[in-house]
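Have a look at the structure below before the remarks.
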Amino acid sequence: MKYEKMQKERIVVVSNRLPVSIRRKHKILKIQSSPGGVATAFQSFQKEGKVAFVGWPGFIPENQEEKRTIEEILIRDHNSYPVFLSSKEIDKYYFGFSNRAIWPLFHYFTSMSEFDLSEWKTYQEVNEKFFQKLSEVIQPHDIIWIHDYHLMLLPGLVRQHDPESTVGFFLHIPFPSSEIFRVLPWRKEVLKGLLGADLIGFHTYEYARHFMSSVLRLLGYEHEFGSVTIDQRTVRVGNFPMGIDVNRVEKLLAKKSVMMNTAELSVNIQTSRYKIFLSVDRLDYTKGIPERLKAFELFLEQNPEQHGHVVMIMICVPSRTMVKDYLLLRHEVERLVGRINGRFGLHGWIPVHYMYRSFPFEKLLPYYVLADVAVVTPIRDGMNLVAKEYVAAKKDETGVLILSEAAGAATELGEAILVNVNHTEELAKAFEIALEGDEAEQKKRMKSMRKRIHDYPLHYWTSNFIESLKSVKRLQDEKKRKKLDMAGEDKIFSAFKSAKNRLLLLDYDGTLVPFAQRPELAAPDDSLIALLKGLAGNTGNTLVIISGRDKETLQEWLNDVPCSLIAEHGAWIRKYPRKKWKMERPLSNEWKKELYPIFKQYEVTVPGSFLEEKDYGLAWHYRKANPELGQIRSRELFDYLNEFLANTDLQVMHGNKIIEVRFMAVNKGRALESFLMQREWPFILAVGDDWTDEDMFKVLPPSSFALKIGHGESLAPYYLDSVKSFRDFLEKLSS
Ligand code: GDG
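Its first residue numbered 15, the sequence shown is counted upward by one per residue in our numbering.
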């Protein structure tokens, strides 16, 4: 189907469900927009007609005619483009792969994850189906924002068909540690699918870190400053904690009907008589509902004086009722509620009020307002908006929030009573603390949490994500413009010619010579020596070769070239015409004792790899190892060393088939200081290929020229594809 063309920039939001609900009542279709959720985040865009939605309408039409009618109405009245799914597809893609494989796995319930090939296939097919619909809807300049774990292959599909498109992806649930993620049989396909996006957002920094670590370990793409470069395309990974629509909450709180509901509820639940504990969640095993009940039971056991004075109101919203584990959970919860009420209930007092139903938000809000304590205890939760809604509803700054440390929200709401939900005694104690705590202190905490949720409301999340997505796009465009073309070359050549004193700073491996199987095999060929001699022989030129290699090798290979040498990333300098090496600053080697056995273990267990000991560095080379094994083990070692060396002055770098540890204080930038200060340089050219060269680019005066060999993020304003093209450039420069 072809749709009418839009002229303005539009955000196309793709998610499993559309923000509308459809019901059939007495053979008549009722279509309603459902407020709340992700759709609210786009309200301001919606008013200006700048947003469209693609998703499943949650309804299976009876025939083609009904399908067409629904589609027409949804597009006309709700800017919504439906993807119709069959009941088999819903069963396998939604209840199956999404909710029986991904949901438990990503929440660390590994043993509950079921991996079924036919469900995975349907998941792929449904993602294709979403893509088909999207490709009918999408127009040039649209921004596509894909949501959540149901559609992790979609970014990749969009990218394959339209390499230029602008695609963002946001995951609403946790991204697990790579140890957990790799359990998934189709892990690589999922990662590749996600990496089709330009920006991938998570609720917390932790999830973003887990994702990047999985990308490194499973696909071998490294990340720098929160970006991954894939086939010359930069993908940014970031954390965008989702806020709530504070305005909507406040408006509702001021609404007469809500105030009346609140007053009425206050009488019904007898707030003058009881302290109210409240929990609100979908009935899901990740939400820690049995854990909360067991802790409440213990609390009642340990605090008989509270009998008849406290009530726990539990609102459990029916969810995924077709999945077996949810049914079992419901039985478990109802059994526990029955047990507690049977054990402690007195005439006229029921400790747990359990409601298995959902409420319109206006009816839910009074519960938040009246609750003395909100108990939010997920075992694992991407963010948890209930915690934030409770805080938003507490206009008078009373109330206490008990919050699981395993909810994403805990990173923002640190003033809550943070608990480990698996520790029943600790959780039971938290109930006591919430009741007995100092009121002034509680108010202070609530006040500062309220300030935070006001500072980062839902529309901030939306605009922040969209702005970041646009900025990645700008960055990608800039990068395309950065390739050194004829005009760029001419600019460098003419600056070179008109300057009398020129400083040339050239990295060695990956810049002047390609990488070889073993480091000792990358010796300079005759034509390179001739080229360097030619350059250095020109009296206006000061040539510095600046490398991570040991000083002996550099000396042996480049002794005849009249140039200065910098070895081990700056630990050693030999300034032409002197022949003696000088150490930049006193360094200790104590650390090697600690790291040597770790490196040695990798040398022994990865055949073909070897250890190189430098004066002030240790390096493990795996170029000659079995490529797959080398890749896997190197990522593991890199990750491990990164953690191991945190808070030390040592740094681990993952170079080209090499893992190296060196001093942070020693870097190519520092090593250049004395050269840069030696005199005024009307012309400086610095060239390098990896991130150790970025330290050099950082210290260059603004008028200098910097050139990166290869792709990837760089401070250098220009890049060239290969060593060969750089050698050609140098030939032209020296001729
Ligand atoms: C996923 C992630 C992440 C609840 N009962 C009723 C009702 N609700 C509303 C709440 C709240 C929302 O549902 C629940 O959001 P949560 O964040 O608590 O949890 P999930 O549904 O699991 O959501 C989660 C979220 O996505 C957003 O990224 O925070 O971690 O798992 O807004 O108010 N709303 C109404 N009646 C109810 O009975 N109307």
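Every residue, glycine too, gets a C-beta built ideally from N, C-alpha and C.
From a predicted model like this one, the values you see are computed outputs, not experimental measurements.
(message) Can you tell me whether N141 is helix, strand or coil according to DSSP?
(response) Of the three classes helix, strand and coil, the one that applies to N141 here is helix, per DSSP.
(request) May I ask you to check if the CB of N30 is nearer than 8 Å to at least one heavy atom of the ligand GDG? (result) Checking every heavy atom of the ligand GDG against the Cβ of N30, none is found closer than 8 Å.
(request) Quick one: grab the DSSP three-state call for I431. (result) Reduced to three states, the DSSP call for I431 is strand.
(message) Between which residues of its own chain and M710 is the CB-CB distance below 7 Å, once the five residues before and five after are set aside?
(response) Sequence-distant partners of M710 (beyond 5 residues in either direction) whose C-beta falls short of 7 Å from its own C-beta, in its chain, are L519, I560, K682, G683, L686, A700, G702.
(message) Whether or not the stretch 392-407 and the stretch 283-303 are in contact is what I'm after, with contact meaning three or more pairs of Cβ atoms, one per stretch, closer than 8 Å; do they touch?
(response) At 8 Å Cβ cutoff, the stretches touch.
(request) Starting from F624, follow its DSSP beta bridges and name the residues at the other end. (result) Looking at the DSSP assignment, F624 forms a beta bridge with H635.
(request) Output yes or no for whether 9 Å exceeds the beta carbon distance between Y732 and K722. (result) Yes; because the gap between Cβ atoms is below 9 Å, this pair is in contact.
(message) Can you list, in chain order, the residues of its chain with a C-beta nearer than 6 Å to that of V414? Leave out the 5 residues immediately preceding and following it.
(response) V387, A448, Q456.
(request) May I have the straight-line CA-CA distance separating M463 from L432, to the nearest angstrom? (result) The straight-line gap separating the alpha-carbon atoms of M463 and L432 is approximately 13 Å.
(message) Under 8 Å: does the beta carbon of T300 sit that close to some heavy atom of the ligand GDG?
(response) In this structure, the ligand GDG has a non-hydrogen atom nearer than 8 Å to the beta-carbon of T300.
(message) Using C-beta distances below 6 Å, list every residue in its chain close to A444, excluding the 5 sequence neighbours before and after it, in chain order.
(response) I416, I431, V433.
(message) Considering only heavy atoms of the ligand GDG, does any lie closer than 8 Å to the CB of S739?
(response) False, no ligand heavy atom lies under 8 Å from that Cβ.
(message) Shorter than 8 Å, the distance from the beta carbon of H186 to the closest heavy atom of the ligand GDG, or not?
(response) At least one heavy atom of the ligand GDG is nearer than 8 Å to the Cβ of H186, so yes.
(message) Going by DSSP, what residue range makes up the alpha helix (DSSP H) through E674?
(response) DSSP places E674 outside any alpha helix (DSSP H); the residue lies instead in the beta strand (DSSP E), whose first and last residues are 672-677.
(request) Please report the residue range of the beta strand (DSSP E) in which T180 lies. (result) T180: member of the beta strand (DSSP E) spanning 180-184, first to last residue.
(message) So N478 and F120 are supposed to be a Cβ contact under 8 Å. How far apart are they, rounded?
(response) At roughly 23 Å, the Cβ-Cβ gap does not stay under 8 Å, so N478 and F120 are not in contact.
(message) Looking at the ligand GDG, does it come within less than 8 Å of R296, judged from the CB to the closest heavy atom?
(response) It does: the Cβ of R296 is within 8 Å (strictly closer) of some heavy atom of the ligand GDG.
(message) Can you check which of these residues, E604, D539, E582, K338, is closest to V575 by C-alpha distance?
(response) When each option's Cα is compared against that of V575, the closest is D539.
(message) Less than 6 Å between C-beta atoms, sequence neighbours within five positions excluded: which residues of the same chain meet that for S372?
(response) So the qualifying residues of the chain are V331.
(request) For the stretch 77-131, list the beta strand (DSSP E) runs that are entirely contained and at least 3 residues long, ordered along the chain. (result) For the stretch 77-131, the continuous beta strand (DSSP E) assignments of 3+ residues that do not extend past its boundaries occur at 94-96, in sequence order.
(message) Taking 8 Å as the cut-off, is the beta-carbon of L399 closer than that to any non-hydrogen atom of the ligand GDG?
(response) Checking the Cβ of L399 against the ligand GDG gives yes.
(message) Counting only C-beta atoms, is L384 closer than 9 Å to chain C at any point?
(response) Any reference to chain C falls outside this structure, which holds one protein chain only.
(request) Go ahead and pull the three-state DSSP assignment for R495. (result) In this structure, DSSP gives R495 a helical state, which the three-state scheme calls helix.
(message) Our contact map puts E582 next to D629 with C-beta atoms below 8 Å; I'd like the distance itself, whole angstroms only.
(response) Contact check for E582 and D629: beta-carbon distance about 6 Å, within the 8 Å limit, so the pair qualifies.
(request) Kindly indicate which three-state DSSP category K338 falls into: helix, strand or coil? (result) For K338, the three-state secondary structure derived from DSSP is helix.
(message) Based on DSSP bridge pairs, tell me the residues matched to M460.
(response) None, per the DSSP bridge assignment.
(message) Could you tell me the alpha carbon to alpha carbon distance between D653 and V666, rounded to whole angstroms?
(response) In this model, D653 and V666 are separated by some 9 Å (Cα to Cα).
(request) Look at the alpha carbon of F664 and the alpha carbon of G631, and state the distance between them as a whole number of angstroms. (result) The sequence as given places Leu at residue 664; Phe does not occur at that position. Looking at the two C-alpha atoms, the distance is approximately 10 Å.
(request) Quick one: grab the DSSP three-state call for M166. (result) It is coil, neither helix nor strand.
(request) Go ahead and label S132 buried or exposed: buried means 16 or more other beta carbons lie within 10 angstroms of its beta carbon, across all protein chains shown. (result) Around the Cβ of S132, a 10 Å sphere holds fewer than 16 other Cβ atoms; the residue is exposed.
(request) Using only the heavy atoms of the ligand GDG, determine whether one of them is closer than 8 Å to the beta carbon of Q372. (result) In the sequence on display, residue 372 carries Ser and not Gln. Yes, Cβ of S372 sits closer than 8 Å to a heavy atom of the ligand GDG.
(request) Could you name each continuous beta strand (DSSP E) segment of 3 residues or more that falls completely within the stretch 330-374, going from the start of the chain to the end? (result) Segments of the beta strand (DSSP E) lying fully in the stretch 330-374: 366-370.
(message) On a Cα-Cα basis, can you pick out the residue from G207, L546, I25 that is closest to W159?
(response) Here the closest residue by C-alpha is I25.
(request) Give the secondary structure of T476 by DSSP, where H, G and I count as helix, E and B as strand, and everything else as coil. (result) In this structure, T476 counts as helix in the three-state DSSP scheme.
(request) Going by CA-CA distance only, name the one from M326, T124, A406 that's closest to G257. (result) Answer by Cα proximity: A406.
(request) Take L549 and list the residues in its own chain whose beta-carbon comes closer than 6 Å to its own, dropping the five residues that flank it on each side. (result) Apart from sequence neighbours up to five positions away, the residues of its chain that approach L549 with a beta-carbon distance below 6 Å are N555, L557, S748, ordered along the chain.
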